[in-house]
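Report on the following structure.
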Amino acid sequence: MKAGDVARIFKAGVLFEVSMLKSNKGYFAATLARPYFVYALLLLISKQLGAGYTPRDVVVQTLAVTGSIDVLWDVAGQGILLRVSGVLPYYTLSPGGVLLALVVSYLPRYILETLLKAVAFLPVLALEEGPADALLHLLAAYALLLLGLLPLLGISTLVAGATLLVHEESPVLEWVTPLVLLLSGAVYPVSVLPGWMRALSALIPVTYVVELSRALEGGGGVQAFYSGAFALLISLSILYNAAASRLFRKAEEALLRKGV
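Numbering (full-length UniProt numbering), first residue to last: 1 to 260.
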């Protein structure tokens with residue numbers, strides 16, 4: 001598929017998402033309100049565990065949690081929706097295939113919704129830090145979440161490919177989503193997990209997004225950590241997306257042979 005075709009798919013995704021936000025007031029309100037419910041839950045868990053997280057930490061944890069769930073369910077879940085609605089065969093026959101359609105058309109939603117969620121928390125952080133510092137912190141967190149999207153797309157595509165291959169809708173997503181959240185340290189601190197789970201958490205990209213966001217307060221003293229975490233995120237992006245591309249191509253071939 002040519003770059004122009006990719007750009008048109010992306011543009012269509014932007015127009016669709018903007019139209020949804022403008023025309024569906026309930027959708028717009030839910031996009032802004034849902035992070036606050038997650039924020040309240042994570043704040044309660046933090047107090048129960050005595051983790052001592054600041055509101056700023058919990059805000060970024062909330063953005064990481066909601067973003068991770070959205071990527072997994074919107075990319076992998078969209079494949080399920082295409083199958084249920086009966087239009088999946090048309091996607092498999094398109095020049096770019098299902099993989100490109102799922103990923104490229106989803107990017108505008110993640111970019112816009114994550115930005116809206118970050119803006120929604122601006123009043124909370126402004127009360128604690130002041131408007132200027134709050135805005136800078138949210139912009140830094142937003143950049144981290146965009147970077148964390150790259151490997152998350154790979155994981156989501158792996159889940160979508162596995163879902164289409166096994167002809168099962170719910171088990172794959174229902175197992176993977178809570179595991180990603182648990183192992184990433186976005187809900188519980190990684191330090192309280194067993195050793196084998198801490199080892200697995202190193203493979204979860206959200207772990208580095210959460211840890212990088214907490215390290216934002218450290219300034220220049222954590223420059224080496226920043227560099228290492230960025231390098232790991234890029235490495236995980238290459239690993240997961242390469243594996244996802246191979247698996248999804250096999251899923252598409254199986255769909256063409258056996259049907260949906």
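For glycine and all other residues, C-beta sits at the position ideal for the given N, C-alpha and C.
Three or more Cβ pairs closer than 8 angstroms define a contact, and the segment 108-124 falls short of that threshold against the segment 79-87. In this structure the segment 136-151 lies against the segment 55-73, because at least three pairs of beta carbons, one per stretch, are closer than 8 angstroms. Straight through space, the alpha carbons of A126 and G154 are spaced by roughly 34 angstroms.
For the pair E129 and F37, the Cα-to-Cα distance works out to about 22 angstroms. A direct Cα-Cα distance of roughly 43 angstroms separates V190 from G4.
Taking all protein chains shown into account, S68 has 16 or more neighbouring C-beta atoms within 10 Å of its C-beta and is therefore buried. E252 counts as buried, since at least 16 other C-beta atoms from the protein chains shown sit within 10 angstroms of its C-beta. Taking C-alpha positions only, S201 is separated from D133 by approximately 31 angstroms.
Inclusion of L145 and V84 in the CB contact set at 8 angstroms is not warranted, their separation being larger than that value.
The way I'd put it, the segment 177-197 does touch the segment 38-51; three or more beta-carbon pairs between them come closer than 8 angstroms.
Residue P205 holds the alpha-carbon nearest to the alpha-carbon of L182 among L158, K117, P205.
Here DSSP, grouped into helix, strand and coil, assigns N241 to helix. In this structure, the beta-carbon distance from L21 to F28 falls below 8 angstroms.
The C-beta separation of H137 from R56 comes to about 6 angstroms, placing the pair in contact by the 8 angstroms criterion.
When the Cα atoms are used, Y110 and L72 turn out to be separated by approximately 11 angstroms. The Cβ atoms of P151 and L233 sit closer than 8 angstroms to each other. A distance of 8 angstroms or more separates the beta carbons of Y106 and V87. The C-alpha of P89 lies about 15 angstroms from the C-alpha of K250. Following the DSSP letters along the chain, one finds F28 inside the alpha helix (DSSP H) bounded by residues 25-49. Note that the C-beta distance between V187 and I45 is below 8 angstroms. DSSP places P131 in the uninterrupted alpha helix (DSSP H) bounded by 131-166.
One alpha carbon belongs to L149, the other to R257, and they sit about 32 angstroms apart.
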